[in-house]
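Here the sequence shown stands for residues 1 to 1135, where the numbers follow the UniProt record's numbering.
Reading through the structure tokens given below for one structure.
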Amino acid sequence: MILSFCINVHAANIQAKNESTNENDTKSLTVDSNYIPSFTKIPSAPIALNETYDQFNTAIAELEANTNLNDGTSIIFDLALDNDATSNIQNTFILEQVNNTAYIKLGGKLDYEKVQEYRITVRAMNVKGLKAEAVVLIKVLDENDNIPEITGNLNGVILEHEPVGTFVMQVKAHDNDGTSAHNIVSYRLEGTARQYFHIDSKTGNITSLVEFDREAKDIYPVTVVAEDNSPSVLFNNGKPNSAVKQLFIRVLDKNDHPPQFDEQYYEVNSIPEDADINTSVIKVKATDLDKDPKIKYSIIENNIGKAFKIDEDTGLISVNKKLDYESIQEYDLVVQAHDGLFKSTTNVRIQIKNLNDIAPQILTLTNVTIKENTIPSDCIANLWAYDPDIENFEYPQNIQYALPKEHQHLLSIDDKGCLKLLHPLDRDPPHGHKMLQINITITDENGKGRTAMETVYIFVEDINDNAPQLTNRMPVVWSENRPSAMITKLTAEDADGEHNGPPFFYSVDPDAPTEIKNRFQTVGDELYSLVEFDREQQKQYLVPILIRDSGHKPMSAVSKLLVVIGDKNDNEMQRGQSHILVNNYEGKLADTQIGRVYVSDPDDWDVSDKMFLWDEMTPETNRKLFKLNINTGMITMIKGTPEGIYNLEFTVIEESSYFPRHNVSARVTVTVKNISAKTVNQSASIRFYNVTAETFISQTLSELYTPMYRLQQSIASILDTSPDQVDIFTINNRKLARGAFLDVFFAVDDTIYTSSEVLNAVLSLYLRQLEEDVGYRIVTVGIDECIEKGHTCTQTCKNKVLKTAKPIVVHTNTSSFVGMTTLVQAECIPQIESSLVACLNGGTFQNDKCKCPTGFEGPQCEKLDICFDGSGYAIYPSINSGNVNNISIELLPRQKDGLVFYMGPLKYDPSLKAPPFLALEINDGMLVLLLDYGTGTSRFEHQQIVLHEIIKVQVILQPYRIEIKTVNNKMVSSRSHYENKDWSGFLPGNVSFQLGVSSISLDKLGSLYSWKYVPFTKSFDGCLRNLTINGRTIDFTQTSHKHNVLFNSQGFTAIGKQRFLVWIVILSLAIMVMSILIAIRLKDYLKTWIKILIRKLQTESMNMMVELHPAPEQLPSFTEVDERSVGLLSGVSTH
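What follows is the structure, given as structure tokens:
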């Protein structure tokens, strides 16, 4: 088909009339049509091109034009472009110009399916800018240049056994050619698939030609050809374009086979009857020839009580309910497999295994009644039990009976079930019971099988074995000056039962003192007074009341009724004077009530009748430091009151119905002492038994001084000081499990015993003297809570003193004591790893170790050396590292006697029979070890030592075994082993240890503890180095108390100098020998000069030895050396 052809020509000539007109002038344009270009040659008809046309160098169209200017100029051609695809916007065509001729050529590929025609506008322009246009129409012709494309799902399915002609799937293809002459697609099959399937050539629908069986073949490959309807221009073979695809058609399964069990009969033996719920029993399995069968399993018969369950998907049979052999011994289950259409069944037989799963049971059980305080000779009950797991009662039942532990001392039971009473029972309170519940354990299989518990109730029959006791609330208060009348109604109770109890009969005990019988009497159950009482004569009475019950063979007993005579203000007060001691810790005491204003008055319930006022004689300065309660007479000391003695004067006014209003004066002397932390840290403590703080500060008529002052006097006497130097700052009532105690803390100012540990130790040796002087029993000197509570600690226990300014106030009439709160508390101390301890003595931690100052050589900058002059000692705190098992120390002794170290108690504690201790001493040059584990002291003589030589001693303590090892010059010189089965104790690490002479009298301590051997009392003279206990290096500077010690290493470094000195002496002797040899040759005239030379060498060497040697008196004298030298010389020279 040829499209219509059209040429549009446009021309214009533009000329300016006046080129010099200014900018604001209006321009007028005139066009002369004679100068418009004109086309002289154009295509006469539309141009038709096949879409596969590809002649890019051949002109498709030719156009010529004239400028119409007759000036010899050329025309200019170009292509006009629009946004329309037909206007050559994609440059499908191009223009080439030769002179006044324009050639249109192909610039890109044509595609009918995209653009069917093009309108090419060619413009011709002369030099005057006048233009003419011509339109060339180019028609694109369609060709078969596209291959059909098969789309969509390429797989199909068909159920097996479907009839012939069943639709399977549809194949779809698309051809992109633009006209029906080329884009109509038809379908066909190729290959073997044509015998199984048919395809509609127009629709592409595939249908079956046969009936399929999936079990024979389940997948078919199918080759489909899709082709268009005209010869292909792509291949130019005269055939249409075609596409070939292979697709697969699957035959789907139908449920046409029933499931079949693998076994027609399943059997399971011995499933225990105690099998847990969900315990697997057996797994049944059915197979189905169909593909992916959905088989469901179920138990359809004989599942009695739904004892079993089956997993419907897996066929696993498991326990669903508790099984019981005694009920059902065997199950014959019918199990079904169902695939949704077909069913099949199988039988599963499950046999239950009998177990001992039933506890024994009691056939006969009776309760028992027994009279209290009696023991029947026969069985009080007979129990007969059987085992339900044993089917025949005639078989042995193998039952054992057992009683709970708490009743085994009262009862016994044998294997026949005979229950006997071993001890009489008590029915009555507080420890008796009206009924005993005895839980008896019954076990089958001779005590190894199932157990059951049965309860036997023993009812205790009452007998009259308790006398009644008073139940009145006491004390009963009866006011003085009252006439005779009923004091109170008496009440009592009896622990026996009701038939052995009330009614009760009361009377004043016939054995009561005459003064009681003359003052009190009973009438029925009422107590009467016979006289008027005076509280000032006697404040209270214990009235013995005889009470008898109404039981069989009545019981009677005496109960004491406390009758307190109430006070009436019937005595006039008199002038009074009192003393108050206030111990103010660090001056931190807050406003505190320190005591009352005291006046002498026999009446003691009359404070409400008194009014207390300041006397004008009391300075205003004192009044500002103390406050007075006018109603109670209580004095409050204001916070910040300075240390000192304050005399406070008061006026007390009294008014009573028994006498006229009157007033008296009263003086209170307040002594305020400041107690420093240092004083507390150096303090000692004593625990008294069965004495109160009020009694401790009170003075009785029979004693000249209070117990507190007597304690101060006794301590001062022992320590050779004044009682004023003994500061008691804490008096604390303690209610402990073992009774009532009084803890007293004190410090001594003027004494050499500035260590708490030493002060306690010294005073403990005089415990009996302190008891005699004070008048009360002493539990311990140096309160030690670790004795009671230390066993709760996993490592070791340490006593820690807790101190606060919180006051403890003790009031009496004439004296009051205000002390600070001080307590000793047991503290568990864990063992500290040495790697966690900081560097000591100014050391710094660098490169995983301590860098220490000069003179501190230990691994953590400990001071390793200490020297004693024969009178010094050093005490160290406990190491707190469990039990001591290894001690190592280096000795440099100067004397052959002295105590090197002692680990053990420093104080005497009467509650400890024989506390452990360890001592190392030098006795007449012999190294001796003393050891006591609390079972007796053992003494070990190890070896003789050499004075002025370093020796290392190591002691290893093990249960039942001791090892002592000494080392000289890095060589083991002696090793001893000792074993004894009695050494079962240990040496605790929470004891103090000391070096040198003991700070206390070990002789006296040893006699108090009855030690067989007592450590040496003479102090060590020499130096000690590198003491380690349980691997921990001891810093010798960390003493708790020391006396006459020197911290340096001169003694040990001198040994190195002495060794150098030995070489000097040897050299001197060599020179002497050489001199003698020379003298033999030079005869006698050189003898004098040689003697002078030898004497000079000797003098120099001896001066050095005297300077360095710790014991120069042991060196030979100059004269002795000189005589031996001259003798040697003379002997040689005579030959």
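Yeah, the Cβ is synthetic: ideal placement off N, Cα and C, and Gly gets one too.
None of these values were measured; they are calculated from a predicted model.
Per-residue DSSP class, three states only, for residue i
{"i": "leucine 625", "result": "helix"}
{"i": "cysteine 839", "result": "coil"}
{"i": "glutamine 400", "result": "strand"}
{"i": "lysine 965", "result": "strand"}
{"i": "proline 807", "result": "strand"}
{"i": "histidine 182", "result": "helix"}
{"i": "threonine 364", "result": "strand"}
{"i": "leucine 759", "result": "helix"}
{"i": "glycine 925", "result": "coil"}
{"i": "threonine 192", "result": "helix"}
{"i": "alanine 677", "result": "helix"}
{"i": "lysine 735", "result": "strand"}
{"i": "phenylalanine 917", "result": "strand"}
{"i": "serine 33", "result": "helix"}
{"i": "leucine 823", "result": "strand"}
{"i": "serine 1040", "result": "coil"}
{"i": "serine 976", "result": "strand"}
Limits of the unbroken alpha helix (DSSP H) element including residue i
{"i": "serine 344", "result": "Run containing serine 344: none in the alpha helix (DSSP H); it sits in the beta strand (DSSP E), 343-353."}
{"i": "glutamine 713", "result": "707-719"}
{"i": "aspartate 82", "result": "First-last for aspartate 82: undefined, no H or E at that position."}
{"i": "tyrosine 1009", "result": "1002-1009"}
{"i": "aspartate 773", "result": "767-774"}
{"i": "cysteine 786", "result": "786-789"}
{"i": "glutamate 694", "result": "693-696"}
Alpha-carbon to alpha-carbon, residue j and residue i
{"i": "glutamine 954", "j": "serine 888", "result": "4 Å"}
{"i": "lysine 309", "j": "serine 318", "result": "6 Å"}
{"i": "isoleucine 219", "j": "leucine 252", "result": "9 Å"}
{"i": "isoleucine 950", "j": "proline 893", "result": "8 Å"}
{"i": "serine 1040", "j": "glutamate 771", "result": "28 Å"}
{"i": "aspartate 290", "j": "valine 233", "result": "53 Å"}
{"i": "methionine 617", "j": "serine 665", "result": "11 Å"}
{"i": "alanine 740", "j": "asparagine 886", "result": "41 Å"}
{"i": "phenylalanine 688", "j": "leucine 765", "result": "16 Å"}
{"i": "glutamate 536", "j": "phenylalanine 745", "result": "37 Å"}
{"i": "proline 544", "j": "glutamate 480", "result": "20 Å"}
Span of the beta strand (DSSP E), counted from its first residue to its last, around residue i
{"i": "residue 1143", "result": "In the structure as shown, the chain starts at 1 and stops at 1135, and residue 1143 therefore has no counterpart that could be examined."}
{"i": "phenylalanine 459", "result": "451-461"}
{"i": "valine 157", "result": "155-159"}
{"i": "serine 230", "result": "219-231"}
Contacts around residue i, its chain only, beta-carbon distance under 6 Å, and the 5 residues preceding and following it disregarded
{"i": "isoleucine 715", "result": "Val726"}
{"i": "glutamine 593", "result": "Met634 and Thr636"}
{"i": "leucine 711", "result": "Val774"}
{"i": "phenylalanine 505", "result": "Arg548"}
Contacting residues, own chain, Cβ-Cβ under 8 Å from residue i (five flanking each side not counted)
{"i": "phenylalanine 248", "result": "Leu154, Asn155, Gly156, Ile219, Tyr220, Pro221 and Val222"}
{"i": "aspartate 984", "result": "In the sequence on display, residue 984 carries serine and not aspartate. Cβ neighbours of serine 984 beyond the five flanking positions: Tyr933, Thr935, Pro959 and Tyr960."}
{"i": "isoleucine 304", "result": "Ile328 and Tyr331"}
{"i": "glutamate 586", "result": "Asn674, Ile675, Ser676, Ala677 and Ala805"}
{"i": "asparagine 237", "result": "Pro231"}
{"i": "serine 600", "result": "Met573, Gln574, Arg575 and Gly576"}
{"i": "glutamine 397", "result": "Pro360, Ala385, Tyr386, Asp387, Ile390 and Asp444"}
Contacting residues, own chain, Cβ-Cβ under 7 Å from residue i (five flanking each side not counted)
{"i": "isoleucine 487", "result": "Val476, Trp478, Leu527, Tyr528, Ser529 and Val563"}
{"i": "glutamate 785", "result": "Asn799, Val824, Gln825 and Ala826"}
{"i": "glycine 191", "result": "Thr223"}
{"i": "glutamate 51", "result": "Leu110, Asp111, Tyr112, Val140, Leu141, Asp142, Glu143 and Asp145"}
{"i": "glutamine 97", "result": "Phe77"}
{"i": "isoleucine 104", "result": "Ala59, Ile60, Ala61, Phe93, Leu95, Ile120 and Val136"}
Practice item. Please go through the segment 603-650 and give each complete alpha helix (DSSP H) segment of 4 or more residues, from N-terminal end onward. Key: 620-625
Review point. Curious, which full-length beta strand (DSSP E) runs of at least 3 residues does the segment 857-882 contain?
Key: 865-876
**Study point:** Continuous beta strand (DSSP E) assignments of at least 3 residues falling wholly in the UniProt domain "Cadherin" (487-581)
**Key:** 505-508, 520-523, 526-529, 540-548 and 556-566
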